[in-house]
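Q: Take this structure, written in C-alpha cells, and hold onto it; I'll ask about it next.
Number of protein chains: 2
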Amino acid sequence: MSPDGRRSDRVALAIGADMWTICGVTPDLQELFSFLRFPSVSTDSRHADDVRACAGWLVEKLSAMGLAAELHETPKHPVVIARNEHAKGRRTVLIYGHYDVQPVDPIELWTSPPFEPEIRDGRIWARGATDNKGQMFAHVLGVEKTLKETEGLPVNLIFLFEGEEEIGSPSLSSFLLHHCDELRCDVVAISDTGMVAPGVPTLGYGLRGIACCEAILRGPKQDLHSGLFGGAVANPAAAIARLVSSLHALDGRVAIDGFYDAVRPLEDWERHMWSHVPGVADADFLKVTGSPGLFGEPGYTSAERTWARPTAEVNGIGGGYQGEGSKTVLPSQAFVKLSFRLVPDQDPKDIMDKVVNHLEWHCPPGVEIEVVTGHDGKPYITDPNSAFGQAAQTALRNAFDAEPVLIREGGSIPIVQTFRDILGADTLLLGLALSDAQVHSPNENFPVENFEAGIRLNQSLLLELAK
Amino acid sequence: MSPDGRRSDRVALAIGADMWTICGVTPDLQELFSFLRFPSVSTDSRHADDVRACAGWLVEKLSAMGLAAELHETPKHPVVIARNEHAKGRRTVLIYGHYDVQPVDPIELWTSPPFEPEIRDGRIWARGATDNKGQMFAHVLGVEKTLKETEGLPVNLIFLFEGEEEIGSPSLSSFLLHHCDELRCDVVAISDTGMVAPGVPTLGYGLRGIACCEAILRGPKQDLHSGLFGGAVANPAAAIARLVSSLHALDGRVAIDGFYDAVRPLEDWERHMWSHVPGVADADFLKVTGSPGLFGEPGYTSAERTWARPTAEVNGIGGGYQGEGSKTVLPSQAFVKLSFRLVPDQDPKDIMDKVVNHLEWHCPPGVEIEVVTGHDGKPYITDPNSAFGQAAQTALRNAFDAEPVLIREGGSIPIVQTFRDILGADTLLLGLALSDAQVHSPNENFPVENFEAGIRLNQSLLLELAK
Chain C
1 MSPDGRRSDR VALAIGADMW TICGVTPDLQ ELFSFLRFPS VSTDSRHADD
51 VRACAGWLVE KLSAMGLAAE LHETPKHPVV IARNEHAKGR RTVLIYGHYD
101 VQPVDPIELW TSPPFEPEIR DGRIWARGAT DNKGQMFAHV LGVEKTLKET
151 EGLPVNLIFL FEGEEEIGSP SLSSFLLHHC DELRCDVVAI SDTGMVAPGV
201 PTLGYGLRGI ACCEAILRGP KQDLHSGLFG GAVANPAAAI ARLVSSLHAL
251 DGRVAIDGFY DAVRPLEDWE RHMWSHVPGV ADADFLKVTG SPGLFGEPGY
301 TSAERTWARP TAEVNGIGGG YQGEGSKTVL PSQAFVKLSF RLVPDQDPKD
351 IMDKVVNHLE WHCPPGVEIE VVTGHDGKPY ITDPNSAFGQ AAQTALRNAF
401 DAEPVLIREG GSIPIVQTFR DILGADTLLL GLALSDAQVH SPNENFPVEN
451 FEAGIRLNQS LLLELAK
Chain L
1001 MSPDGRRSDR VALAIGADMW TICGVTPDLQ ELFSFLRFPS VSTDSRHADD
1051 VRACAGWLVE KLSAMGLAAE LHETPKHPVV IARNEHAKGR RTVLIYGHYD
1101 VQPVDPIELW TSPPFEPEIR DGRIWARGAT DNKGQMFAHV LGVEKTLKET
1151 EGLPVNLIFL FEGEEEIGSP SLSSFLLHHC DELRCDVVAI SDTGMVAPGV
1201 PTLGYGLRGI ACCEAILRGP KQDLHSGLFG GAVANPAAAI ARLVSSLHAL
1251 DGRVAIDGFY DAVRPLEDWE RHMWSHVPGV ADADFLKVTG SPGLFGEPGY
1301 TSAERTWARP TAEVNGIGGG YQGEGSKTVL PSQAFVKLSF RLVPDQDPKD
1351 IMDKVVNHLE WHCPPGVEIE VVTGHDGKPY ITDPNSAFGQ AAQTALRNAF
1401 DAEPVLIREG GSIPIVQTFR DILGADTLLL GLALSDAQVH SPNENFPVEN
1451 FEAGIRLNQS LLLELAK
C-alpha cells in the first residue's frame, strides 16, 4: 500500500499476527484510506477543490455499488445523495454523515501526517478517521455488503452526506427544504457521536442545544495608565469579571432568572441506567479531563450534568495586557464569549432573551455593554424505546455482541432538530467514537474494530428497521 | 528632516506660522527626535540592543556637552551617569530620568509610527515623548544651555539615567548602594510626573506605591469541548472572573481584609487645595478618559481617589478563545494580572501578603491557583514647603510665569523612596506631562511648549537650589 517499506513494517509491528497483517490492509480499509486521503477541510477555502474532489469520489463509489448517486451544488460545498430503488410499503431510512473534516493545525503535534492514514496499535490514524469519514464509510460498506450478499436492501435507503458540517451546516436547512419530498423518511440514523467505552454499544437519544453570545464592556476611550487614573474610572476588565461572576451562584448553579424554568427533570430510569454506564463515573471524568477536581450543579453526577442539565460556559475572556510580565494599564475594554448548553424543553431564543436581560441588568457602573448574539440550536430528545429505538438497540447488540447503553450527549448536533422540523423524522444516534479519538485535535484515530463493527451495525440496523 | 515631503507638510500645516515652521524643526527638537527613534523597550528582550544603543547615544551627547559621562553595566540594561566638576561648599543636585520606554502594542492604533517622531498640532508624537525621554532631555538641554551661557553650573550636578524604569528598576537599588558615595546629594529632581493642566506649573510631593502580581488558575490538562464536558468540571475562565470580582465590594471599595489599615487620612489643606486645582475636577476626569461614567471608592473626588487612596486594578485578564466569532471550548487555564496602587503608610510587602492570602482563600473550587508576585515600590510623601520645595516652586513660577499648584501623583516612582532610603535625599517632582499625553498608550505625545518650558525650568531650578 505504500511505495516505501516503512509503513508496512509499522503495520506488521503494531497489530501482531492476526489475519490481515499477513494479507496486508484489508480492501475495506484500503478504500477508507482513499477516502481519508482527501484533505476535505471545509473551513479553509484553499481546500475547496479537495472538498469537491472528495464528494466526486463518493459519488463514484456509491454509483459503483449500484445506488443512484448525485452530487448537488450548494453555495459552498456539495451535498451527496444516494438511494436504492424505493418500493412502496417499505420503511424509508435516511443515513446522514459528513465528508468534510476539521483543520489539522497544530500540524507539528501529529505523529503521522493527517492525510496519510496508517494503522498503529489497532487504530486508524488520520484526520477524519472518527469524525466522520470512518463512521459514515462503515455505513457505506455495510450497504455494499448487503447488496452483494442479498437480492437488495430491506429498506428504502437514502444516504445524505454533506461537506459543511464542521462549519455549522450553513446550506443544509435550505437544501432539506428544497428537497423535502425526495428526502422524506421514517427515521434518520447518524453515527457521529460517542461510545461510552470500548466495546460498549451506545445509543444516543438526546442532545443538548446551544445558544452563544459575546458581551463587550467599554470604559475609557483608550487604555489608561493605571497609576494616573486607577481608582477614578471603572476598569472594564474588573467589570467583566464581576459581570461573569454574576452568571453562577457560588454552588455552581446558573443564576440567570428563569434559566431552569423549562428544564425537563431527569427520569428515574435515566439516573438509574447512567449510574451503571461504564466509563462515565465521576472518576472517569476526572481522569479524562485531568481536572484537579469536579465542579458543577449540586445534586447531579458528572454524566447527568453534561447530558441532562444546562450550563453557562465561558469560552473566552479577555481584556488588557496579555503578554509576559506586567503592564500597568487600565484597559479600555474587555470581552467575554459565552455559550449556554440547553436541555429539553429550553428554547434557545427564550434563553438568549434571559441572558441578554441578565447581562444588561448586571452590567457594573461606569462601563457600557454591547451583547452580540451568535448561533443557536434547540436541544433534542427522543424515546429510545420506541419501535425504531428498539431496532437500533438490537442492531447495536448484534454488532458488538454486548448489551447497549442508552445515553444522551452533552454536545449539540443542530441538524438533528432540523431533520425533525423539516422531514418530520426522529434520529437514532449510533455513536462509534471513543473518548480518546482526538476528534478536532492532532492524532485523530479510529479503532479498526469499531470500523468493522460499524459495517455489521449498518447491516443489522437496516434489517431491524425493516421489521 | 524626512526624505519624503509628507512629514514636513504636516508640520507646516499643524503649527502655523511661528518661527520654526519657517526654519523647520529646531536643533533641540531634532536632537530629541534622534533620542526618541531608539526603540528602547526595556521589557522586551528583542530590544535589548536598542536599549544599549540608546544609552550609548546619551553618553556621547553628555560627553560632548563637557560632562564626565559613563555607561555603567547592570545585570540588564545600563545606567548612565554624568557630572560636572564638583566643588566644595556647593549644593549637590541629582537629576534622575529614564531612557527606556513602554511597549507599543496595540501598534495598529498609532496614527504615526511610535519610533518615527513627528510634530502635529504643536505636539511631539512618539513612544517616550513624555514618558520620559522628552522630559529628561529638557533637563539635559537646560544644562547644555547654562554651560554655554555661563562659566559653569551653579551646583554640583549628577545626571542619573536608567534603562529599567518601565520594568520596575530591578538594578537601581543595588546600583545606588554600590555607588552611594559618588551619588550622595542634597536633593533629587525628577520630571516624570504630571501637570494638572496646560500652563499650570505643578509640584508633586507625594506618589502612590505599587505591588504587582499575576494569578493563574489551572483546570483540565488541556482545552476541552464545552459540550462534552461543560457542567462537570470547573471552568478556569469563569473561576478567574469570580476570583477577580472578590477583590472589590459592590460600592468600589477594595474588599481585601486589612487593605486600608495603614492608610494615612487626607489632610484638610490638601482636600481644600485640590478642590481648587484646575483640570482635575470630576468633569475633567470624565473628559480626559472618555469614560461613560466615574466609578471608585465612595466619599472621595476623582483627584483624591487617584492621588491619596489605594486601588486594586486589573491590568489584564485572559483565558480561552480570543479570536473572532465563537469556539465552544472549555479553557484549561486563565490568568489575571493585578496591580495595587498604595498610599502612605501602606507597606507593599504587607499588602502583597494580604493579597496572596485573599486570592488563595477565595480561589473557587475545581481549579488550582498559582500566584506570581511582581515588582513593588513604597508610596512616598514629602513636605512641599521645605527650603528645597520652595526653590522648586520658584523655578516653576519662573519657567511658566504662573503660580504653581501642589499635588500628589497617582502613579508610582519607587526609586523616589529608594533615593530617600539610600542617598538620604528627598525628591522634587517637577512634572511636565499633560493628562492627555497618552503615556503607556498608543499615540503618546508631548507639547513642544512643555519641552521648551522644561529647558527653562532646569536653568532656573539649578539657580534657585544653589541659593
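Protein chains in written order, with the working numbering: chain C, 1 to 467; chain L, 1001 to 1467.
Yeah, the Cβ is synthetic: ideal placement off N, Cα and C, and Gly gets one too.
Predicted model, so just to flag it, every value in this text is computed and none were measured.
1. Figure out for me which residue from 320/C, 445/C, 189/C has the closest Cα to the Cα of residue 204/C.
2. Applying the 10 Å Cβ sphere with the 16-neighbour rule, what's the burial state of residue 1127/L?
3. For a test of the three-state rule: what should DSSP assign to residue 145/C, helix, strand or coil?
4. What do you reckon, are the CB atoms on residue 399/C and residue 453/C nearer than 7 Å?
5. Since residue 136/C and residue 115/C should fall inside the 8 Å C-beta cutoff, what is the C-beta to C-beta distance between them, to a whole number of angstroms?
6. On the criterion of 16 or more Cβ atoms from any shown chain inside 10 Å, does residue 1269/L qualify as buried, or is it exposed?
7. Could you list which residues in chain L have their beta carbon closer than 7 Å to that of residue 315/C, in chain order?
8. Given residue 271/C, which residues of its chain have a CB within under 7 Å of its CB, disregarding the five upstream and five downstream residues?
9. Quick one: does residue 12/C have its CB under 7 Å from some CB of chain L?
10. Does residue 496/C get closer than 7 Å to chain L when you measure Cβ to Cβ?
11. Relative to the C-alpha of residue 339/C, which residue among 1430/L, 1228/L, 1252/L, 1290/L is closest?
12. Over the uninterrupted alpha helix (DSSP H) stretch that includes residue 448/C, give me the two end residues.
13. Taking Cβ to Cβ, would you say residue 1316/L is nearer than 7 Å to residue 393/C?
14. In this structure, how does DSSP classify residue 50/C when only helix, strand and coil are distinguished?
15. With burial defined as no fewer than 16 other Cβ atoms inside 10 Å of the residue's Cβ, what is the status of residue 1377/L: buried or exposed?
16. Note down the Cα distance separating residue 1181/L from residue 1175/L, rounded to an integer number of angstroms.
17. Shortest alpha-carbon distance to residue 1464/L belongs to which of 1092/L, 1069/L, 1253/L?
18. Could you please give me the residues that DSSP links to residue 1212/L through a beta bridge?
19. For a cutoff of 7 Å on Cβ pairs, would you count residue 1212/L as touching chain C?
20. For residue 320/C versus residue 329/C, is the C-beta spacing smaller than 7 Å?
21. Pick helix, strand or coil for residue 1135/L, following the three-state DSSP scheme.
22. With a threshold of 7 Å between beta-carbons, can residue 222/C be considered close to chain L, or not?
23. Determine, for residue 1337/L, whether the minimum Cβ-Cβ distance to residues of chain C falls below 7 Å.
24. So, at 7 Å on beta carbons, what are the nonlocal neighbours of residue 1141/L in its own chain, with the 5 sequence-adjacent residues on each side left out?
25. Quick check on residue 1150/L: buried or exposed, where buried means 16 or more other Cβ atoms within 10 Å of its Cβ?
26. Among the residues of its own chain, which have a CB less than 6 Å from the CB of residue 413/C, if the five just before and after it don't count?
27. I'd like to check one pair, residue 1125/L with residue 1445/L: are the Cβ atoms closer than 7 Å?
28. Under 6 Å: does the beta carbon of residue 1079/L sit that close to some heavy atom of the ligand FAD?
29. Any idea what DSSP makes of residue 23/C, helix, strand or coil?
30. Give a yes or no on whether the C-beta atoms belonging to residue 1426/L and residue 1382/L are separated by under 7 Å.
31. CA-CA distance, residue 450/C and residue 432/C?
32. According to DSSP, is residue 1311/L part of a helix, a strand, or is it coil?
33. Exposed or buried, which one is residue 1030/L when buried takes at least 16 other CB atoms within 10 Å?
34. In whole angstroms, what separates the C-alpha of residue 39/C from that of residue 101/C?
35. Is there a Cβ from chain C that is less than 7 Å from the Cβ of residue 1440/L?
36. Determine the direct distance from the alpha carbon of residue 1172/L to that of residue 1296/L, and round the result to whole angstroms.
A: Inspection of the coordinates gives the following:
1. Start at 1 with the first residue of the first sequence, and residue 204/C comes out as number 204. For residue 204/C, the nearest C-alpha among the options comes from 189/C.
2. Here residue 1127/L refers to the residue found at position 127 when the second sequence is read from its first residue. That one is buried.
3. Against the first sequence, residue 145/C aligns to sequence position 145. Residue 145/C falls in the helix class under three-state DSSP.
4. Reading the first sequence from its first residue, position 399 is the one you call residue 399/C. Reading the first sequence from its first residue, position 453 is the one you call residue 453/C. In contact: residue 399/C and residue 453/C (Cβ atoms closer than 7 Å).
5. Here residue 136/C is taken as the residue at index 136 of the first sequence, counted from 1. Here residue 115/C is taken as the residue at index 115 of the first sequence, counted from 1. Not a contact, Cβ separation roughly 17 Å.
6. The sequence position of residue 1269/L within the second sequence is 269, counting from 1. So residue 1269/L counts as exposed.
7. Within the first sequence, the letter at position 315 stands for residue 315/C. By Cβ distance, chain L contributes 1226, 1320, 1321, 1326, 1327, 1328, 1329.
8. By one-based count along the first sequence, residue 271/C stands at place 271. These residues qualify, in order along the chain: 304.
9. Counted from its first residue, the first sequence places residue 12/C at position 12. Low per-residue confidence applies at residue 12/C: pLDDT is 40, beneath 50, and the placement is therefore not dependable, though the value from the model is reported in the following sentence. It does not: the Cβ of residue 12/C has no partner Cβ on chain L nearer than 7 Å.
10. Nothing can be reported for residue 496/C: it is not among the residues displayed for chain C, which extend from 1 to 467.
11. As a working mapping, residue 339/C is identified with position 339 in the first sequence. Measuring from the Cα of residue 339/C, the nearest candidate turns out to be 1228/L.
12. Position 448 of the first sequence holds residue 448/C. 448-466 is the extent of the alpha helix (DSSP H) around residue 448/C.
13. Indexing the second sequence from 1 puts residue 1316/L at position 316. Indexing the first sequence from 1 puts residue 393/C at position 393. Not closer than 7 Å, so no.
14. For the purposes of this step, residue 50/C is identified with residue 50 of the first sequence, where counting begins at 1. Assigned with DSSP and collapsed to three states, residue 50/C falls in helix.
15. In the second sequence, residue 1377/L corresponds to position 377, counting from 1. By the neighbour-count rule (16 or more Cβ atoms within 10 Å), residue 1377/L is buried.
16. Numbered from its first residue, the second sequence carries residue 1181/L at position 181. Numbered from its first residue, the second sequence carries residue 1175/L at position 175. Going by the C-alpha atoms only, they are around 11 Å apart.
17. Here residue 1464/L corresponds to residue number 464 of the second sequence, with the count starting at 1. Of the listed residues, the one whose Cα sits closest to residue 1464/L is 1092/L.
18. Mapped onto the second sequence, residue 1212/L falls at position 212. 1339/L, per the DSSP bridge assignment.
19. Here the question's residue 1212/L lines up with position 212 in the second sequence. Yes, residue 1212/L lies at the interface with chain C (some Cβ there is under 7 Å from its Cβ).
20. As a working mapping, residue 320/C is identified with position 320 in the first sequence. As a working mapping, residue 329/C is identified with position 329 in the first sequence. Yes; because the gap between Cβ atoms is below 7 Å, this pair is in contact.
21. As a working mapping, residue 1135/L is identified with position 135 in the second sequence. Correct three-state label for residue 1135/L: helix.
22. Your numbering for residue 222/C matches position 222 in the first sequence. Residue 222/C counts as touching chain L.
23. Translated into the one-based positions of the second sequence, residue 1337/L becomes position 337. Residue 1337/L counts as touching chain C.
24. By 1-based counting over the second sequence, the position of residue 1141/L is 141. Within the same chain, residue 1141/L has close Cβ partners 1028, 1455.
25. Within the second sequence, numbered from 1, the residue matching residue 1150/L stands at position 150. Result: exposed.
26. Mapped onto the first sequence, residue 413/C falls at position 413. For residue 413/C, where only same-chain residues beyond five positions count, the Cβ hits under 6 Å are 207.
27. By one-based count along the second sequence, residue 1445/L stands at place 445. By one-based count along the second sequence, residue 1125/L stands at place 125. Against a cut-off of 7 Å, the Cβ pair of residue 1125/L and residue 1445/L comes out as a contact.
28. What this structure holds is no ligand at all, so the ligand FAD is not there to describe.
29. For the purposes of this step, residue 23/C is identified with residue 23 of the first sequence, where counting begins at 1. A caution first: residue 23/C carries a pLDDT of 44, below 50, which makes its placement in the model unreliable, though a value can still be read off. DSSP places residue 23/C within a helical segment (H, G or I) once states are collapsed to three.
30. If you number the second sequence from 1, residue 1426/L lands on position 426. If you number the second sequence from 1, residue 1382/L lands on position 382. Contact flag set, yes.
31. Position 450 of the first sequence, counting from 1, holds the residue named residue 450/C. Position 432 of the first sequence, counting from 1, holds the residue named residue 432/C. For residue 450/C and residue 432/C, the distance between alpha carbons rounds to 6 Å.
32. Sequence index remark: in the second sequence, residue 1311/L carries index 311 (1-based). Residue 1311/L falls in the strand class under three-state DSSP.
33. Within the second sequence, the letter at position 30 stands for residue 1030/L. So residue 1030/L ends up on the exposed side.
34. The sequence position of residue 39/C within the first sequence is 39, counting from 1. The sequence position of residue 101/C within the first sequence is 101, counting from 1. About 8 Å.
35. Translated into the one-based positions of the second sequence, residue 1440/L becomes position 440. Chain C, which has a Cβ nearer than 7 Å to the Cβ of residue 1440/L, makes this yes.
36. In the second sequence, counting from the first residue as 1, residue 1296/L sits at position 296. In the second sequence, counting from the first residue as 1, residue 1172/L sits at position 172. Going from the Cα of residue 1296/L to the Cα of residue 1172/L covers about 34 Å.
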